[in-house]
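S.K.: Everything in the sequence shown is counted per the working numbering, starting at 15 for the first residue and increasing by one.
We put the beta carbon where it would ideally sit given N, CA and C, even for glycine.
These numbers were taken from a predicted model, which means no experiment stands behind them.
There's a structure below that I have some questions on.
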Amino acid sequence: MSIETIKIFDTTLRDGEQSPGASMNTEEKIQIASQLERLGVDIIEAGFAAASPGDFDAIEKISQRVTNSTVCSLARAIDSDVKAAGEAIAKAKLKRIHTFIATSKIHMEHKLKMTPDEVIRRAVRAVEYARTFVDDVEFSCEDAGRSDMGFMKEISDAVIEAGATTINLPDTVGFRLPFEIGAMVKEMSDYTKDRAIISVHNHNDLGLGVANSLEAVVNGARQVECTINGLGERAGNAALEEIVMALKTRSDVFSDFKTNINTREIYPSSRLIASITGIEPQPNKAIVGKNAFAHESGIHQDGMLKNKE
């Protein structure tokens, strides 16, 4: 069986910046994007072009600097957002527009105040318009974790027909458990087959962002959205470094998968994000915390000294 590459979609510059106190200026965002490229990230979500002139400017500048990673802008499923995204990434060598609309009943009824058919039409229009700017379009079923599976299949069919190449399933409120994410991804992956890449975007509200992402990979996801140090609003996002190192360290379990990440650049990436945002990973944070490889227990220290492997 051939080894499949899991695409790493880093959203530190977009979702990560939504972490309280984590604002970054344009030069800092360019610095981070350059480091993410050295890290080997497949897709860099550089921001939300329509959100502010500052975001647009940063995305535009990153698009001119980054050459090996795909540069992506988020856009709501409205023409003005998609247009701003397309214009901001116009000069990127590799570019993607990531558009989204809520698909859960609660969001459609109370936030969008739209019928399911109206949501599908809006999504199709956004994807079709995005394809006039780029060949690579990602569509997210916002709040997929609480969405009806039948409706997600229906809207996925429609946006794939319209030109979407990736279908992302965000657990927007960080509510789902690993077995639930695994079942959702498997059903969607089996349904879409090779018509689109299935992606996940897991939040860490229950401390399960990484576990949910790994379960998704086993069940058919071929793209994982994540951030350096798990940065993000509320309890944060799935941590890039933990996902990548779990896949690498447990190659006995994940023998069919690899990533393009240069793991030697994980710690420098973590330190750069911490220094720019002022948000330090907790000392016992897996992989990048300052105590991650320190052994305090005397019994454990004795064992480690006797067997340094």
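For F271 and K21, what's the separation of their Cα atoms in angstroms?
M.R.: 10 Å
S.K.: How would you call S203, buried or exposed, if buried means at least 16 neighbouring beta carbons within 10 angstroms?
M.R.: Result: buried.
S.K.: If the criterion is Cβ atoms closer than 8 Å, does the pair A260 and L228 meet it?
M.R.: Yes, they are a contact pair.
S.K.: Comparing alpha-carbon positions, which option in P295, N276, V232 and G244 lies nearest V267?
M.R.: V232
S.K.: Just to confirm my understanding: we take G303, look at its own chain, exclude 5 residues before and 5 after, and list those with CB closer than 7 Å. What are they?
M.R.: Closer than 7 Å at the Cβ level, and outside the excluded window around G303, lie P295, Q296 and P297.
S.K.: In angstroms, rounded to a whole number, what distance separates the CA positions of V141 and R90?
M.R.: Each residue's Cα considered, the two are about 10 Å apart.
S.K.: Is it the case that the Cβ atoms of R110 and V55 are separated by a distance below 8 Å?
M.R.: no
S.K.: In three-state DSSP terms, what is K304?
M.R.: coil
S.K.: I need the DSSP call for Q315, collapsed to helix, strand or coil.
M.R.: Because the pLDDT of Q315 is 48, which lies under 50, any placement of that residue in the model is unreliable, and the number read from its coordinates should be weighed accordingly. If DSSP states are grouped into helix, strand and coil, Q315 belongs with the helices.
S.K.: Pairs of beta-carbons, one from the stretch 20-38 and one from the stretch 239-256, closer than 8 Å: are there three or more?
M.R.: yes
S.K.: Under 8 Å: do the stretch 273-290 and the stretch 61-71 share three or more Cβ pairs, one atom per stretch?
M.R.: no
S.K.: Work out the CA separation of E201 and K207 for me, nearest whole Å.
M.R.: 10 Å
S.K.: Judging by CA-CA distance, which residue of S118, K107 and D95 is the nearest neighbour of I58?
M.R.: K107
S.K.: Of the choices V214, T113 and S283, whose alpha-carbon is the least far from that of A197?
M.R.: Closest in alpha carbon position to A197, among V214, T113 and S283, is V214.
S.K.: If you follow the beta strand (DSSP E) that F23 is part of, which residue opens it and which one closes it?
M.R.: K21 to D24
S.K.: Just to check my reading of the structure: G177 and D219 have Cβ atoms closer than 8 Å, yes? What is that Cβ distance to the nearest angstrom?
M.R.: G177 to D219, Cβ: 33 Å. No contact.
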